[in-house]
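One structure is given below, encoded as structure tokens.
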Amino acid sequence: MITEELINPKSIVVVGGSNRTSKPGGNCIRNLLNGKYTGDLYVVNAREESVQGLRCYRHVSEIPSADLAIISIPAASCLETVTVLAREKQVKAFIMFTAGFGETSEEGRLLEQQIVKVVTDAGAALLGPNCIGLLNRYHHSLFTLPIPEMSPSGVDMISSSGGTAIFIMESSIRRGLRFNSVWSVGNAGQISVEDVLEYMDIHFNPDTDSRIKLLYMEAIRDPDKLLEHTSSLIRKGCRIAAIKSGVSESGCRAASSHTGAMTNPDLAVEALLRKAGVVRCFSREELATAGAVFTLKELKGKNIAIVTHAGGPAVILTDALSKGGLEIPRLSGTAAAEELRSRLLPGSSVSNPIDILGTGSPEHLALAIDCCESKFENIDGIAVIFGSPGLTSVYEAYDVLDRKMKTCTKPIFPVLPSVITACEETDFFVKQGHVNFSDEAGLADVLTKILKTPSPPVNSLELKYVDVPAIRRIIDSIPESGYISTRSVHDLFRAADIPMVDETVSAEWEDIRAFAAKVQYPVVAKVVGPVHKSDVGGVVLNIRSEEHLEMEFRRLMKIPDVVAVMIQPMLKGVELFAGAKYEALFGHIVLCGLGGIFVEIFKDIASGLAPLSTEEALSMVHSLKGYKVFEGARGQKGIDKFEFARIIVRLSALLRFAVEIKELDINPLLATDRGIIAVDARIRIEK
């Protein structure tokens, strides 16, 4: 519950305010006063007569009514204080700095729940406890520094951790980022990261609200709410980047299937953020860099021109951008390039990077930028690297860059690395309303992430060729939990229009012999019964004769727990992998990738949150490190990525209507001359 009194209070009481700014209550009052808070400000402190020039009250019962109460007192006193404020003083918003609640003990958790109930019953909002507060353009109700420059066009930051919020602000301010608001939710007793996003989405005003959101999350309590409101905000024109911590593999749960063993909380988060269209970051520096990129004009293609007066950083940037899949197209040889060369100093290069040399002037910088803007048609964005060796001033060059960034239609990414020798000039440039990327490789990494993050799909549920009633009949007919029969797997795949290899299952030799004669040799034989067939020697490939088949059939039937033998034609092709696992809260996580060593050793897999659209599935395929195999690497025939994507989409539709499926493997899925065909599959259900 977020109230107007939390956002824009007309009166604030600081309970535990102090003259000592080394204390949270004292520093908060200083921030409110320095922030020019215009409403009524009260202080409660039983030991003081006045605090920082403000009248001090002995007890909360003595104050006039207030909109917002900031609580900075010991945890043991909070319940009584909050109760008086909520029930007697009509306070409709609380910010609790106080720690010592659910994050420390069971007793603290119960106390926190009591406080939340009192606040909620009063129709009030509670931010915290155990938070650093709230910072916006109306009031600076937090007890920490730094206080960044506030602007309606600045970023909104929502953080689970107060300390992390501080350090993200430090990184962001250094890049020139402004802020519109900073939310620290702490324990999120009542208001979580998802709740703040919901409020921002529902009340979004495209004319006045910030379009940039940075998130730091230590827990995702409601994935559906997060997905709904982040994707909605992005469709409204917002851009969002997020860090989700606490997803290491040590938190994985044991699973019996191949997919289940690979699936972990990190892949679930990856799938959720991908579906939402949120750029995923892994460090404070990345998140701050993403926020800075978001303030610039949007890069709408992959072709980058690099303008520099220093060769080394340009090479580093070229390598980093190329590694991420962006293009640095060659510019020399064109009439525009030759004209530019004629106007630059002798020895300058216009091949891309465009090197105007260390002795190049601000006029040369302007010429190069103008050519990239209007004469080189295959350029989508411009990176400008310009520093100082400490011999000359670069004010004029940065003035040129300032003007060009304000007038060019293409985004310009300023890389100003001289943060010591040209610190005054860099500060001048940033104060004109710009950002600075002092590290070119960090910029390249984040640009890559942004370009590879898909937009949220409009509709993820595609049901063409999927027989939903048949899927339900098959699932309902299965009597118990566990791995389902091969026949049921075939029936489900047929209903979902997922192609599967022709096969037969039998414990009778005559059935096996007849089927092999029909499909012709070579064939493959596999045991039915044990979950992990290969571990018991239960898979035989390339059987080329009836005699060989009979010998293997007799051997396979003697393996413990084997109930039958499955036989298939021997197919040749490139191995692919697809699978899914149900994750609590998130739903079904769909995985895909190349098979064999790519999935076993390199763990080259992409994850998506079911249901998936064709666009989402294609994005997953494109994100694979081994994607070049689909294009036909080293003269080999490529793989139909669209057919693979269609199978992934139909698999996700099957999961949508068969929620009882908890683990599913298709391994291998063979890309053959006759199309992509599922060769082996396992499905575990829970009824």
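All residue numbers for the sequence shown refer to the working numbering, where the first residue is 1345 and numbers rise by one.
Backbone N, C-alpha and C define an ideal beta-carbon position, used for all residues, glycine too.
Does the Cβ-Cβ distance between residue 1428 and residue 1405 come in under 8 Å?
-> yes
Is DSSP giving residue 1870 helix, strand or coil here?
-> strand
Spatial distance of residue 1633 from residue 1904 (CA atoms) = 58 Å
Could you spell out where the beta strand (DSSP E) holding residue 1679 opens and where it closes?
-> No beta strand (DSSP E) contains residue 1679, which is instead part of the alpha helix (DSSP H) from 1679-1687.
Residue burial classification, residue 1928 (beta-carbon count within 10 angstroms, cutoff 16) | exposed
Length of the line joining the Cα atoms of residue 1601 and residue 1936 = At residue 1601, the pLDDT of 47 sits below 50, so the modelled position is not reliable; the number obtained from the coordinates is stated separately. Residue 1601 and residue 1936: Cα-Cα distance of roughly 15 Å.
On the three-state DSSP scale, how would you describe residue 1955?
-> coil
From what residue to what residue does the alpha helix (DSSP H) around residue 1716 run?
-> 1706-1718
Are at least three pairs of beta-carbons, each pair with one atom in the segment 1416-1433 and one in the segment 1373-1382, less than 8 Å apart?
-> no
Does the ligand MG have a heavy atom nearer than 7 Å to the CB of residue 1909?
-> Annotation note on the ligand MG: not contained in the displayed structure, which lists no ligands.
In whole angstroms, what separates the C-alpha of residue 1973 from that of residue 1689?
-> 45 Å
Cα-Cα separation, residue 1890 to residue 1866 | 10 Å
Residue 1587 in three-state terms, based on DSSP = strand
Looking at the structure shown, is residue 1760 part of a helix, part of a strand, or coil, going by DSSP?
-> coil
Range of the contiguous alpha helix (DSSP H) that encloses residue 1500 | First-last for residue 1500: 1494-1503, but that is the beta strand (DSSP E), not the alpha helix (DSSP H).
Sequence-distant residues of the same chain with beta carbon closer than 7 Å to residue 1774, five excluded per side | 1520, 1780
Runs of alpha helix (DSSP H) lying entirely within the segment 1603-1659, each at least 4 residues, in chain order | 1609-1620, 1628-1638
Contact between the segment 1643-1663 and the segment 1961-1981: three or more CB pairs below 8 Å?
-> no
So residue 1586 and residue 1559 are in contact, right, with Cβ under 8 Å, and what is the actual spacing, rounded?
-> 4 Å
Go to residue 1848, then tell me how far its alpha helix (DSSP H) extends in each direction, as first and last residue.
-> Run containing residue 1848: none in the alpha helix (DSSP H); it sits in the beta strand (DSSP E), 1848-1850.
Going by DSSP, name the residue or residues bridged to residue 2028.
-> 1827, 2007
Just to confirm, are residue 1710 and residue 1748 a CB contact at a threshold of 8 Å?
-> yes
Can you round the beta-carbon distance between residue 1443 and residue 1473 to whole angstroms, since I take them to be within the 8 Å contact cut?
-> 7 Å
C-alpha gap between residue 1556 and residue 1923, whole angstroms | 35 Å
Hey, is residue 1461's beta-carbon within less than 8 Å of any beta-carbon in chain D?
-> Protein chains in the displayed structure number just one, and chain D is not present.
Beta carbon of residue 2027, beta carbon of residue 1833: below 8 Å?
-> yes
Helix, strand or coil for residue 1364 per DSSP?
-> coil
Beta-carbon spacing of residue 1653, residue 1730 below 8 Å | yes
Taking just the CA atoms, how far does residue 1510 sit from residue 1599?
-> Low per-residue confidence applies at residue 1599: pLDDT is 43, beneath 50, and the placement is therefore not dependable, though the value from the model is reported in the following sentence. Near 39 Å, if we compare the C-alpha coordinates of residue 1510 and residue 1599.
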